[in-house]
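Peer 1: What follows is a structure written as structure tokens; I'll ask about it next.
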């Protein structure tokens, strides 16, 4: 039985590994949102759960092939039924909400043909803290508790 | 042009990305014209020409396109909202 919803760092790495292997051409993605926080936890080998599960991941891409994979993983898709969460393609302008210079502080990882760029934790938290909803504050506290920020 | 909501901007941005290829155009049109799509009649009868025009246009020309649409009583913002969503259940 697959894990329902998104809560563990390994779910993000498994997903990125899978898609990187499925791509036929190199593609790039910027990953933001709580999935990106989980990516940072995975990069530190932390097996921790988000304080509140997430229903989706938020990638930005300019790759047509990667966009196809994302469309096949939208809400209501077989992907969502299998994984318990879906892909929510974000427009490039979503990156404008990150603090200026975020690319200089971001991390990059290669999963086969997929290159993933992930903004730093403080940069990821900045738009969340501006929104300042309870879930956003919980994610910020979680990141601080585990030394991610 | 006024700033779009993320969900509208996403439909425009990725709709254009897929629209570039014949395969992408066929898949999107097939989905939007599918009888199961709740907006298929609205798209087919009222908005298809404008939506296709917007998806075919290049992003760097959006301000010009918006001005042209405004002379026709529309706007880019209005047409983007008529790009039908994609439903994963029958995509």
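Chains as they are written, first to last, in my numbering: chain A, 1135 to 1283; chain B, 197 to 287.
All residues carry an ideal CB built from backbone N, CA and C; glycine is no exception.
From a predicted model like this one, the values you see are computed outputs, not experimental measurements.
1) What residues in the region 237-250 of chain B bring their beta carbon closer than 8 Å to a beta carbon of chain A?
2) Check whether the Cβ of residue 1278 (chain A) lies closer than 9 Å to any Cβ atom in chain B.
3) Mind pulling the alpha helix (DSSP H) runs of 4 or more residues that sit fully within the region 1160-1212 of chain A?
4) Look up residue 201 (chain B) in the DSSP assignment and say whether it is helix, strand or coil.
5) Under the assumption that residue 236 (chain B) contacts residue 243 (chain B) (Cβ atoms under 8 Å), give the Cβ distance between them as a whole number of angstroms.
6) Would you check if there are 3 or more beta carbon pairs closer than 8 Å linking the region 207-226 of chain B to the region 1194-1202 of chain A?
7) Taking Cβ to Cβ, would you say residue 1202 (chain A) is nearer than 9 Å to residue 1140 (chain A)?
8) Under 9 Å between the Cβ atoms of residue 1276 (chain A) and residue 1147 (chain A)?
9) Give me the Cβ distance between residue 1144 (chain A) and residue 1241 (chain A), rounded to the nearest whole Å; I'm assuming they're in contact under 8 Å.
10) Report the rounded CA-to-CA distance for residue 220 (chain B) versus residue 226 (chain B), giving the unit in angstroms.
11) CA-CA distance, residue 1166 (chain A) and residue 1259 (chain A)?
12) Does the beta-carbon of residue 1257 (chain A) have 16 or more other beta-carbons within 10 angstroms, so that it is buried, or is it exposed?
13) To the nearest angstrom, how far is it from the Cα of residue 232 (chain B) to the Cα of residue 241 (chain B)?
14) So what does residue 1245 (chain A) bridge to, in DSSP terms?
15) How would you list, in chain order, the residues of chain A whose beta-carbon sits under 7 Å from the beta-carbon of residue 274 (chain B)?
16) Just to confirm, is the Cβ distance from residue 284 (chain B) to residue 1211 (chain A) under 9 Å?
17) So residue 1224 (chain A) contacts chain B; which residues on that side make the cut at Cβ distance below 7 Å?
18) Quick one: list the residues of chain B neighbouring residue 1209 (chain A), beta-carbon separation under 7 Å, in chain order.
19) Would a C-beta distance cut-off of 9 Å place residue 1274 (chain A) and residue 1283 (chain A) closer than the cut-off?
20) Whose Cβ in chain B lies nearer than 7 Å to the Cβ of residue 1227 (chain A)?
21) For residue 282 (chain B), which three-state DSSP category applies?
22) Leaving out five residues before and five after residue 1190 (chain A) in sequence, what residues of the same chain have Cβ atoms less than 6 Å from its Cβ?
23) How is residue 227 (chain B) classed by DSSP in three states: helix, strand or coil?
Peer 2: Reading it off the structure:
1) none
2) Position 144 of the first chain holds residue 1278 (chain A). No - not a single Cβ of chain B is within 9 Å of the one on residue 1278 (chain A).
3) 1168-1177, 1198-1205
4) Position 5 of the second chain, counted from the first residue, corresponds to residue 201 (chain B). Coil.
5) Walking along the second chain from the start, residue 236 (chain B) turns up at place 40. Walking along the second chain from the start, residue 243 (chain B) turns up at place 47. About 11 Å; that fails the 8 Å criterion.
6) yes
7) Here residue 1202 (chain A) corresponds to residue number 68 of the first chain, with the count starting at 1. Here residue 1140 (chain A) corresponds to residue number 6 of the first chain, with the count starting at 1. Going by C-beta atoms, residue 1202 (chain A) is not nearer than 9 Å to residue 1140 (chain A).
8) Start at 1 with the first residue of the first chain, and residue 1276 (chain A) comes out as number 142. Start at 1 with the first residue of the first chain, and residue 1147 (chain A) comes out as number 13. Taking 9 Å as the Cβ cut-off, residue 1276 (chain A) and residue 1147 (chain A) do not qualify as a contacting pair.
9) In the first chain, residue 1144 (chain A) corresponds to position 10, counting from 1. In the first chain, residue 1241 (chain A) corresponds to position 107, counting from 1. Between residue 1241 (chain A) and residue 1144 (chain A) the Cβ distance is about 18 Å, and since that is not below 8 Å, they are no contact.
10) The residue labelled residue 220 (chain B) in the question sits at position 24 within the second chain. The residue labelled residue 226 (chain B) in the question sits at position 30 within the second chain. Distance between the alpha carbons of residue 220 (chain B) and residue 226 (chain B): 10 Å.
11) Taking the first chain and counting its residues from 1, one reaches residue 1166 (chain A) at position 32. Taking the first chain and counting its residues from 1, one reaches residue 1259 (chain A) at position 125. About 10 Å.
12) Counted from its first residue, the first chain places residue 1257 (chain A) at position 123. Classification for residue 1257 (chain A): buried.
13) Position 36 of the second chain, counting from 1, holds the residue named residue 232 (chain B). Position 45 of the second chain, counting from 1, holds the residue named residue 241 (chain B). In a straight line, the C-alpha of residue 232 (chain B) is about 16 Å away from that of residue 241 (chain B).
14) Here residue 1245 (chain A) refers to the residue found at position 111 when the first chain is read from its first residue. DSSP, once it has assigned bridges, lists A:1248 as partnering residue 1245 (chain A).
15) Here residue 274 (chain B) corresponds to residue number 78 of the second chain, with the count starting at 1. Within 7 Å Cβ-Cβ: nothing; residue 274 (chain B) doesn't reach chain A, min ~18 Å.
16) Taking the second chain and counting its residues from 1, the one referred to as residue 284 (chain B) is at position 88. Taking the first chain and counting its residues from 1, the one referred to as residue 1211 (chain A) is at position 77. A contact, by the Cβ cut-off of 9 Å.
17) Locating residue 1224 (chain A) in the first chain gives position 90, counting from the first residue. Neighbours of residue 1224 (chain A) on chain B, chain order: 202, 206.
18) The count along the first chain starts at 1 and reaches residue 1209 (chain A) at position 75. In chain order: 284.
19) Sequence index remark: in the first chain, residue 1274 (chain A) carries index 140 (1-based). Sequence index remark: in the first chain, residue 1283 (chain A) carries index 149 (1-based). For residue 1274 (chain A) and residue 1283 (chain A), yes; Cβs fall inside 9 Å.
20) What you label residue 1227 (chain A) is simply residue 93 of the first chain in a count that begins at 1. In chain order: 205.
21) As a working mapping, residue 282 (chain B) is identified with position 86 in the second chain. The answer is coil: DSSP assigns residue 282 (chain B) none of H, G, I, E or B.
22) Numbered from its first residue, the first chain carries residue 1190 (chain A) at position 56. So the list reads 1219, 1220, 1222, once near-sequence residues are dropped.
23) For this step, residue 227 (chain B) is matched to residue 31 along the second chain. Helix.
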